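Taken in order, these protein sequences are the chains called A and B. Numbering-wise (the working numbering), the first sequence opens with residue 15 and increments by one. Numbering-wise (the working numbering), the second sequence opens with residue 66 and increments by one. See structure below.
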Amino acid sequence: MSSSLRLGLLIASMIAFSFVLFFVMNKKLNIKYSIVWLLWAISTLVMAIFPETFYQFSHLVGIEIPVNAVFLIMIGLLYGLTFYVYIMISKHNQEIIRLTYEVARLKKELEETKKK
Amino acid sequence: MLKMKVLVIIPAYNEQDSIVSLIREVKEYGYDYLVINDCSTDRTDDLLNQNRITHLSLPINLGIAGVTQVGFMYACDHDYDCVICIDGDGQHLPRYMIDLLKEVENGNDYVVGSRFVNEKKPLNMRMLGSRLLCFLIRLKTGHKVSDPTSGMRALGKKVIQEFSRSMNFYAEPDALCHLIHKGYKVKEVQVEMKERETGVSYFHNPLKSVYFMLSVSLSIIFIQ
């Protein structure tokens, strides 16, 4: 891995870290969900500081240029994260339907008791 | 046999022109009914209130699948034995409710009001889609159905419970396929439907119809 790529990863990791912290501090991101992004930033940092482990890994899976291994891992992680988000959306979708139903039902019952 | 507790569910989204006369007709049969107003932007809600029509007003727009599911949740909570779904735009004629109900009383779990049990299917784009879905369902389950997209249906208690809990029924065709596949007793009954009189159909937009066909087909082939 070239030193400029390592530098790039280092900077990206720093930016990601401060970005996540900024959003958590400003109460725009739930701490529960910030953890995975902090881990993300840390792993980028580890990659930048200790690229040797990385060389071994790319050699192991038969990728000639280590930077391609970086892409591979990143894409894999992103897939995982996106899929997780889709699962959460499905769950929330179902919860919204349930809540909408409860709200509508309570509204109906309230109006009925008012009439009596 | 004890008399069944029947609920007629009528999803309504911007149906100000048809809803009142439809409900008047439904009321004549004496079943409980529930209009579910899916956050309409026209006068539907006012009309429902003025005419003292039993209804749920949803605070947000859920779309047809969500609305029907809300209806099933209501039916579950109030312990109904049978639910009949009728569209709010007036294209399903309430007089056929009795035929559907009779088949549920005969022990069927899911009864679909089909336009083509005895009638021949016309040849047009919509029916081409319908044929394709019939073919897919036949391929998957081995059962012959004639009108998979029909939204007029009657459901027995087991099916109501299953549908109120599950997040995975997308539209009528894959719900139908799912039930046949799981071994529920499904039956089709000949009904007539009116052409839509007011409002705009969801399938007015060709892109949406293609998307609908695609998702329903994939769902039938891989999931249900």
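Heads up, the beta-carbon is just placed ideally off N, CA and C, and yes, glycines get one too. This structure is a prediction, so every number in the text was calculated from the model and none was measured.
Write down the C-beta distance between B:SER179 and B:VAL254 rounded to the nearest angstrom, noting that I regard them as a contact closer than 8 Å.
-> 7 Å
So which of B:ILE149, B:LYS185, B:GLU184 and B:GLY153 has the shortest CA-CA distance to B:GLU168?
-> With distances taken between Cα atoms, B:GLU168 lies closest to B:ILE149.
Is B:TYR180 helix, strand or coil by DSSP?
-> It should be pointed out that residue 180 of chain B corresponds to Arg in this sequence rather than to Tyr. B:ARG180: coil per DSSP, three-state reduction.
What three-state label does DSSP hand B:PRO271 in the structure shown?
-> Taken through DSSP and simplified to helix, strand or coil, B:PRO271 comes out as helix.
Could you have a look at B:SER316 and say whether DSSP puts it in helix, strand or coil?
-> Limits of chain B in this structure are 66 at one end and 289 at the other, which puts residue 316 of chain B out of reach.
Of the listed residues B:LYS209, B:PHE181, B:PHE287 and B:GLN289, nearest to B:VAL251 (C-alpha basis) = With distances taken between CA atoms, B:VAL251 lies nearest to B:LYS209 out of B:LYS209, B:PHE181, B:PHE287 and B:GLN289.
Going by the CB atoms, is the gap between B:VAL71 and B:ILE151 shorter than 8 Å?
-> For the 8 Å CB-CB criterion, B:ILE151 and B:VAL71 do not form a contact.
Own chain, CB closer than 7 Å to B:PRO213, minus 5 neighbours either side, in chain order | SER195, LEU198, CYS199, ILE202, GLU237, PRO238 and LEU241
With A:VAL117 and B:PRO187 assumed to form a contact (beta carbons below 8 Å), what rounded beta-carbon distance in angstroms separates them?
-> The pair is not a contact, with the Cβ atoms about 43 Å apart (cut-off 8 Å).
Can you give the beta carbon distance from B:ASP103 to B:VAL132, rounded, assuming they're within the 8 Å contact cut?
-> 5 Å
Compare the beta carbon distance of B:ASN171 and B:GLY221 with 8 Å and say whether it is the shorter of the two.
-> Taking 8 Å as the Cβ cut-off, B:ASN171 and B:GLY221 do not qualify as a contacting pair.
Any C-beta of chain A sitting closer than 8 Å to the C-beta of B:GLY153?
-> no
Counted within 10 angstroms of its Cβ, other Cβ atoms place B:ASP154 as buried (16 or more) or exposed = buried
Look at the Cβ atom of A:THR114, then the Cβ atom of B:VAL135, and state whether they are nearer than 8 Å.
-> yes
Sequence-distant residues of its chain with Cβ nearer than 6 Å to B:ASP164 (five each side left out) | Closer than 6 Å at Cβ, skipping near neighbours: VAL254.
Nearest chain A C-beta to B:LEU121 closer than 8 Å, yes or no?
-> Chain A, which has a Cβ nearer than 8 Å to the Cβ of B:LEU121, makes this yes.
Selection from B:VAL224, B:TYR78, B:LEU193 and B:LYS205 that minimises the alpha carbon distance to B:SER176 = Sequence inspection shows Val at residue 176 of chain B; the Ser mentioned does not correspond to that position. Of the candidates B:VAL224, B:TYR78, B:LEU193 and B:LYS205, the one whose C-alpha sits nearest the C-alpha of B:VAL176 is B:VAL224.
Confirm, please, whether the CB-CB distance from B:LEU121 to B:CYS147 is below 8 Å.
-> no
N-terminal and C-terminal residue of the beta strand (DSSP E) that B:LYS252 is part of = 251–255
Enumerate in chain order the residues of its own chain whose CB-to-CB distance from B:THR206 is below 6 Å, with the five nearest sequence positions on each side excluded.
-> ILE245 and HIS246
Using a C-beta cutoff of 8 Å, does B:LEU112 count as contacting chain A?
-> no
The alpha helix (DSSP H) enclosing A:ILE63, as first and last residue numbers = It spans 45–63 - the alpha helix (DSSP H) in which A:ILE63 sits, taken as one unbroken run.
Nearest candidate by alpha-carbon position, reference A:MET28, set A:LEU43, A:VAL84 and A:ILE63 | Comparing alpha carbon positions, the residue from A:LEU43, A:VAL84 and A:ILE63 closest to A:MET28 is A:ILE63.
State the start and end residues of the unbroken beta strand (DSSP E) segment that holds B:VAL71.
-> 71–77
What residues in the stretch 124–149 of chain B bring their beta carbon closer than 8 Å to a beta carbon of chain A?
-> PRO124, ILE125, LEU127, GLY131, GLN134, VAL135, MET138, TYR139 and ASP142
9 Å Cβ cut-off: residues of chain B touching A:LYS8 = In this structure chain A extends from 15 to 130, so residue 8 of chain A is not present and cannot be described.
Could you pull the start and end residues of the alpha helix (DSSP H) that B:TYR139 belongs to?
-> 129–142
Contact set for A:VAL38: own chain, Cβ-Cβ below 7 Å, skip 5 residues either direction = ILE45 and SER48
Please work out which residues of its chain come closer than 6 Å, Cβ to Cβ, to B:TYR249, disregarding the five sequence neighbours upstream and downstream, and give them in chain order.
-> ASP174 and TYR175
Using DSSP bridges, identify the partner residues of B:ASP97.
-> B:LEU72
Name the chain B residues that come within less than 7 Å of A:VAL117, Cβ to Cβ?
-> PRO124
Proximity to A:THR58 [Cα-Cα], best of A:LEU91, A:ILE79 and A:ILE77 = A:LEU91
According to DSSP, which residues form a beta bridge with B:VAL148?
-> B:LEU72 and B:LEU220
Find the nearest neighbour of A:ILE110 within the set B:GLU80, B:LEU127, B:MET217 and B:HIS243, judged by alpha-carbon distance.
-> B:LEU127
When you compare only the Cα positions, how much space is there between A:TYR93 and A:TYR100?
-> 11 Å
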